[in-house]
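Peer 1:
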Amino acid sequence: MKQRPVVVWFRNDLRLADNPALTAAVKTGAPVIAVYIYDENAAYAPGAASCWWLHESLKALQSAMAKLGMTLILRRGGEAKIVRAIVQETEAAAVFWNRRYSAPQVEIDKNLKNELSNGDVSVKTFNASLLREPWEIETGSGTPYRVFTPFWKKLKEFGPNRVSPLPAPKKLQSEKLIESEDLTSWNLQPDNPNWAKKISAHWSPGEFTAINTLDNFLENAIDAYGDGRDRPDKELTSRLSPHLHFGEISPNQIWQSVQHGMNAGNFSEAAGYKFLSEIAWREFSYSLLYYNPSISEKPLRPEFAGYPWRDDPNGLGLWQRGQTGYPIVDAGMRQLWRTGWMHNRVRMIVASFLIKDLLIPWQHGAAWFWDTLVDADVANNSASWQWVAGSGADASPYFRIFNPITQGEKFDPKGDYVRKFVPELKNLPDKFIHAPWKAPEAVLAKAGVTLGNNYNNPIVDHAHARNRALAGYSEIKGR
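Rendered as structure tokens:
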């Protein structure tokens, strides 16, 4: 009697190694049908930059699967409808997938699992994208954490829920081919103009590159990560965030590799745990998302719903284009546009400027990041913007308002980062690179800078803006 196939539904887990859903499906010994579904109308459908990455990542996964004898089936449309259709078309005995954590996605998965299980189709789900499920890391009273430090302490104590990363299958037994759409027909890559040419020069999506990126970071940069992660003028961060978001590498693989490096004495425990604490912030963000489904739209601290925000489309546009007149802010926004990524220290600076200098709601900034970041992740993006805004869990105090001049001077002391992304200022002396309006006219002329012409004057006075932001905070506190 012919054995019924099983379906593996890939989502943000675009890898072969340490993929528990794939491993479990292969272990059944049945033919495996691997499927990826793209629903452009789904909640949290990828923005433009992430669509470019998705195309490249799927292409890499298709190639890796082909070497093992399998075809990745691509379908476009409503997820539940397509899974049901594939199960019916192939008479599949089981469907395997790795879990998701946003409310709309959880609802789709829960309903589909119930529906399929009520028939004669088994559904098996797994944790592949977190070290621990959100409900596994709780306070002593059984509630989710709202402060990061104790969350990190508990996570460090527990460690990941899998001791060793799962190896990639050596061979995949594929079922007879069913209809698959062509990846290019999804139009995930931009055309006319192809703005992704700039981004593609900086990235190589896929599982193979993700592993190499981690190895390179652990070999060459992690010891300097503690202080170096705040220096946008130096290459001292891991740049793993987009690989992690798309599941080309798992947090478990990262955790185990770092632990191995510490145990082998390749780098210090202080450096290793400092890096792992950033992985833990991602875990904390997912816990917040799971227990607070509206985190991407509404402030976690409800009083911030009444903050006196300003409607300033001109200011928002200048911020988006990197034309605020504050060099470190403009460098960050231009790095984002050119590379699809921004250094994390600078993300905090530009976010603070939008929220607290311009008084523009954080949701506008989060939406821009969603469309322009290759690592746009709903949990990280939402929790981090709310942290800067002061409206989230364990938030930065609202009165902590980054000064874009002193931040630039501290973390880009020679102006190398600014000069790279704001070339019109490249000939200014270090002394004035973060505040060109303070330079004498003769210095500006010698550097070829004409304020208000080839580089903007500051669009807001920071000292005035800071007082205005604090007045708004006092207003909502007094209600």
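Residue numbers for the sequence shown, in the UniProt record's numbering: 1 to 479.
Note that beta-carbon positions come from the ideal geometry of N, C-alpha and C, so glycine has one too.
Suppose contacts are defined by Cβ-Cβ distances below 8 Å. Is W362 in contact with W385 by that definition?
Peer 2: Reading the sequence shown from its first residue, position 362 is the one you call residue 362. Reading the sequence shown from its first residue, position 385 is the one you call residue 385. Yes, these two residues count as a Cβ contact at 8 Å.
Peer 1: L451 by DSSP, collapsed to three states: which one?
Peer 2: Position 451 of the sequence shown, counted from the first residue, corresponds to residue 451. In this structure, L451 counts as strand in the three-state DSSP scheme.
Peer 1: Put E174 into one of helix, strand or coil per three-state DSSP.
Peer 2: Locating residue 174 in the sequence shown gives position 174, where the first residue counts as 1. Inspection of the sequence shows that residue 174 is occupied by Ser rather than by Glu. Three-state DSSP puts S174 in a strand.
Peer 1: In the DSSP assignment, find the alpha helix (DSSP H) that holds I254 and state where it starts and stops.
Peer 2: Within the sequence shown, the letter at position 254 stands for residue 254. P251 to N263 is the extent of the alpha helix (DSSP H) around I254.
Peer 1: Determine the burial state of G317: buried for a count of at least 16 other Cβ atoms within 10 Å of its Cβ, exposed for fewer.
Peer 2: As a first step, residue 317 is located in the sequence shown; it is residue number 317 there, counting from the start. By the beta-carbon neighbour count (other beta carbons within 10 angstroms, threshold 16), G317 is exposed.
Peer 1: For the pair the stretch 406 to 422 and the stretch 78 to 94, tell me if three or more CB-CB distances fall below 8 Å.
Peer 2: No: the two stretches stay apart, fewer than three of their Cβ pairs being nearer than 8 Å.
Peer 1: Classify F402 as buried or exposed, calling it buried when 16 or more other Cβ atoms lie within 10 Å of its own Cβ.
Peer 2: Taking the first residue of the sequence shown as position 1, residue 402 is located at position 402. That one is buried.
Peer 1: Buried or exposed: which applies to L177, given that a residue is buried once 16 or more other Cβ atoms fall within 10 Å of its Cβ?
Peer 2: One-based indexing of the sequence shown puts residue 177 at position 177. Classification for L177: exposed.
Peer 1: From L380 to A196, what distance separates their C-alpha atoms?
Peer 2: Against the sequence shown, residue 380 aligns to sequence position 380. Against the sequence shown, residue 196 aligns to sequence position 196. First, the amino acid is wrong: residue 380 is Asn here, not Leu. The C-alpha of N380 lies about 23 Å from the C-alpha of A196.
Peer 1: Quick one: residues in its chain with C-beta nearer than 8 Å to the C-beta of N12, no 5 flanking neighbours on either side, listed in chain order?
Peer 2: Within the sequence shown, numbered from 1, the residue matching residue 12 stands at position 12. The beta carbon of N12 sits closer than 8 Å to the beta carbons of R100, S129, H245, F246 and G247 from its chain, once the five residues preceding and following it are set aside; these are given in chain order.
Peer 1: Distance, Cα to Cα, Y455 vs W135?
Peer 2: Indexing the sequence shown from 1 puts residue 455 at position 455. Indexing the sequence shown from 1 puts residue 135 at position 135. Approximately 50 Å, taken between the alpha carbons.
Peer 1: Starting from I405, trace the alpha helix (DSSP H) in both directions and tell me its first and last residue.
Peer 2: Against the sequence shown, residue 405 aligns to sequence position 405. Residues P404 to F411.
Peer 1: State buried or exposed for D191, treating a residue as buried only when at least 16 other CB atoms are found within 10 Å of its CB.
Peer 2: The count along the sequence shown starts at 1 and reaches residue 191 at position 191. It is exposed - the Cβ of D191 has fewer than 16 other Cβ atoms within 10 Å.
Peer 1: Looking only at its chain, what residues have a beta carbon closer than 8 Å to the beta carbon of A270, apart from the 5 residues adjacent to it on each side?
Peer 2: To locate residue 270, count along the sequence shown from 1; it is residue 270. G226, listed in sequence order.
Peer 1: Taking the alpha carbon of K198 as the reference point, which residue from R334, V147 and K110 has its own alpha carbon closest?
Peer 2: Residue 198 sits at position 198 when you count from the first residue of the sequence shown. When only C-alpha atoms are compared, the closest one is R334.
Peer 1: Looking only at its chain, what residues have a beta carbon closer than 8 Å to the beta carbon of L172, apart from the 5 residues adjacent to it on each side?
Peer 2: As a first step, residue 172 must be located in the sequence shown, where it is residue number 172. Excluding positions up to five away in sequence, the list reads V26, V32, A34, M65, L68, G69 and M70.
Peer 1: State the DSSP-derived secondary structure class of T125, mapped to helix, strand or coil.
Peer 2: Within the sequence shown, the letter at position 125 stands for residue 125. The answer is strand: DSSP assigns T125 an E or B state.
Peer 1: Check E133 in the structure and name its three-state DSSP category.
Peer 2: As a position in the sequence shown, residue 133 is number 133, starting the count at 1. DSSP, read as helix, strand or coil, puts E133 in coil.
Peer 1: Going by C-alpha to C-alpha distance, which of E475, S352 and T237 sits closest to Y326?
Peer 2: Counting from one through the sequence shown, the residue named residue 326 turns up at place 326. If we check each option's Cα against that of Y326, S352 comes out closest.
Peer 1: Using only CA atoms, which one of F148, D430, E283 and R132 lies nearest to G415?
Peer 2: Here residue 415 is taken as the residue at index 415 of the sequence shown, counted from 1. Answer by Cα proximity: D430.
Peer 1: When we look at the beta-carbon of H243 and count the other beta-carbons within 10 Å, is it buried (16 or more) or exposed?
Peer 2: As a working note, residue 243 is residue 243 in the sequence shown. The residue is buried, with at least 16 neighbouring Cβ atoms inside 10 Å.
Peer 1: Could you tell me the distance, in whole angstroms, from the CA atom of V121 to the CA atom of V7?
Peer 2: For the purposes of this step, residue 121 is taken as the residue at position 121 of the sequence shown. For the purposes of this step, residue 7 is taken as the residue at position 7 of the sequence shown. Cα-Cα distance, rounded: 10 Å.
Peer 1: In angstroms with no decimal places, state the Cα-to-Cα distance between P436 and T372.
Peer 2: Here the question's residue 436 lines up with position 436 in the sequence shown. Here the question's residue 372 lines up with position 372 in the sequence shown. So the alpha carbons of these two residues sit roughly 28 Å apart.
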